[in-house]
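Residue 3 is where the sequence shown starts when you use the numbering used here, and the numbers rise one by one after that. What follows is one structure encoded as structure tokens, with my remarks underneath.
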Amino acid sequence: MSISIGIHDLSFATGEFVLPHTALADYNGTEIGKYHVGIGQQSMSIPAADEDIVTLAATAAAPIIARHGSDRIRTVVFATESSIDQAKSAGVYVHSLLGLPSATRVVELKQACYGATAALQFAIGLVRRDPAQQVLVIASDVSKYELDSPGEATQGAAAVAMLVSLDPALVRIEDPSGLFTADVMDFWRPNYLNTALVDGHESINAYLQAVEGTWKDYTEQGGRALEEFAAFCYHQPFTKMAYKAHTHLLNYNGQDTDKDAIAQAIGLTTAYNRVMGNSYTASVYLALASLLDQADDLTGKPIGFLSYGSGSVAEFFAGTVVAGYRDRLRTEANQEAIARRRPVDYAGYRDLHERSFPTDGGDYATEEQTTGPFRLSGISGHKRIYQAR
Ligand code: COA
């Protein structure tokens, strides 16, 4: 029998503030149905001035270290597409904030929203090589588009931390994977820009092509039949995309695209992304958290995962939910991370959106805003300074 490796624990964090889409719609005159129904978004998380991908990541990972300790963790893989440094891995700051042992390898991975799935698969490879080891995988992103652009409604922020281990308590990740890469320019962020560039409609098409491509390869690799899956966790740049993707997959397989069947397959996966917005690398694993927290018993049931990262790389794979998983969920903490956010008005959000540190190497302190356990206290000599509170 093959050994069982997968997600042993999962915890997430999100920004200090929340902007309801009603506030954006009031400002730009959009009919609210376009946001609530058309793209399937209700609100978006906005990080405080003293939060970033590092503070979100440390906040997500701290409960995992508290529960399991760090003795078996020899690798931290940090996936992000909103990187804060061209050279140093954001994971090294997290390693320091969490007091992880020096005998750890830490690295940052990038391929748009797909990065965390690469991290998960690489982690599985490391655990297979030495099943005594665990890997901490972190997906952390702040999604930022230009103000007044179509992408503005699909921003958000969150981090998911996952402990990958032998005999996982939540989800066993299966072979095979279906893979797909295509060189497309649907979404990208040149080094000199703070906000992403996107051709939204091209991106939807590229995503749907990737659904087909990964599924075709998954089938050719001997994967499960479509009917075997109890639910599907899709990457959700906006939650309506999951509906488009699943409809496309059903059509591709010549199956009925009955509304109720689609809602049954993905309805429970969208609750968290709908209120936090796009969290890029974290989004597909927030879909998993949302499903596990809300579904009736899924023990033994296969879940399909479709991870898409613009540019583009995608992967389809299956995970089986492990007996006893419900006792290990963090449902209350997850709901609290969402409920604790403080509303920000449109002017306040716009002000936060436009902030950036001066680049002259001087000393700059950030305003104290976050009520979370970690903060970015400032920058000095081009070095970001973090604080645990
Ligand atoms: N009530 C209900 N639905 C409405 C509506 C209303 N009043 N007004 C518009 N809609 C629907 C549209 O019909 C459309 O639905 P459809 O896609 O099913 O046809 C949807 O709302 C969006 O409208 P659209 O005109 O396409 O919006 P847009 O030009 O502002 O673009 C995105 C929307 C999502 C493409 C844009 O926000 C974007 O580019 N976001 C970034 C996406 C991304 O991050 N991609 C990269 C990662 S995959």
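Even for Gly, the Cβ is constructed at its ideal location relative to N, Cα and C.
Outcome for residue i when other beta-carbon atoms lying within 10 angstroms are tallied against a minimum of 16
i, result
"ASN336", "buried"
"GLU338", "exposed"
"ALA247", "buried"
"ARG357", "exposed"
"PHE234", "buried"
"ALA284", "buried"
"GLU230", "exposed"
"ARG344", "exposed"
"VAL39", "exposed"
"GLY35", "exposed"
"GLY256", "exposed"
"GLN266", "exposed"
"SER382", "exposed"
"HIS97", "buried"
"ALA390", "exposed"
"HIS203", "exposed"
Residue i (DSSP reduced to helix, strand or coil)
i, result
"ASP169", "coil"
"THR32", "coil"
"THR57", "helix"
"PHE231", "coil"
"MET278", "helix"
"LEU100", "coil"
"LEU26", "helix"
"ALA267", "helix"
"ALA390", "strand"
"LEU195", "coil"
"ARG69", "helix"
"GLN257", "coil"
"HIS355", "helix"
"GLY363", "coil"
"LEU252", "helix"
"ARG135", "Looking at the sequence itself, residue 135 is Gln, so the reference to Arg does not match. Coil."
"LEU331", "coil"
"THR16", "strand"
"TYR236", "strand"
"HIS10", "strand"
"VAL286", "helix"
Close beta carbons around residue i, own chain, < 8 Å, minus the five adjacent residues each side
i, result
"THR32", "LEU26, ALA155"
"SER91", "PHE80, VAL108, VAL109, GLU110"
"PRO133", "ILE5, ILE7, LEU168"
"PRO178", "TYR220, GLN223, GLY224, GLY225, PHE319"
"ARG352", "LEU149"
"ASN193", "GLN88"
Contact under 8 Å by Cβ, residue i with residue j
i, j, result
"LEU199", "PHE189", "yes"
"GLY17", "PRO65", "no"
"VAL173", "VAL139", "no"
"ALA161", "PHE376", "no"
"ARG276", "THR241", "yes"
"ALA227", "ILE305", "no"
"GLU214", "TYR254", "yes"
"SER281", "LEU270", "no"
"ALA324", "ALA171", "Note that residue 324 is Val in the sequence shown here, rather than Ala. Yes. Within cutoff."
"ARG74", "ASP11", "no"
"VAL129", "VAL137", "yes"
"LEU102", "SER142", "no"
"ARG76", "THR106", "yes"
"ALA291", "TYR274", "yes"
"THR82", "TYR147", "no"
"ALA163", "ALA263", "no"
"TYR388", "LEU378", "yes"
"GLY311", "VAL186", "no"
Own chain partners of residue i with C-beta closer than 6 Å, once the 5 adjacent residues on each side are dropped
i, result
"THR372", "GLU18, ALA50, ASP52, GLU53"
"SER309", "TYR116, THR119, HIS237, VAL286, GLU317"
"VAL315", "GLN113, TYR116, THR183"
"ILE67", "LEU100"
"TYR348", "ALA25, TYR29"
"HIS250", "LEU210, VAL213"
"MET46", "LEU21, GLN157, GLY158, GLY279"
"ARG191", "ALA198"
"ALA208", "VAL186, ASP188, SER314"
Residues near residue i by beta carbon distance below 7 Å, same chain, minus five either side
i, result
"HIS384", "GLY363"
"ILE41", "ALA155, THR156, PHE240, LYS242"
"ARG330", "ASP11, ALA171, LEU172"
"GLU176", "PHE319, ALA320, GLY321, THR322"
"THR2", "Look at the range of the chain in this structure, 3 to 391, and you will see that residue 2 is not part of it."
"ILE126", "ILE7, VAL166, ILE175"
Residue-level contact to chain B via CB, residue i, 8 Å cutoff
i, result
"ASP169", "You won't find chain B in this structure, because it holds only one protein chain."
heavy atom of the ligand ZN below 7 Å from residue i C-beta
i, result
"ASN280", "Summarising the ligand content, the structure contains the ligand COA and does not contain the ligand ZN."
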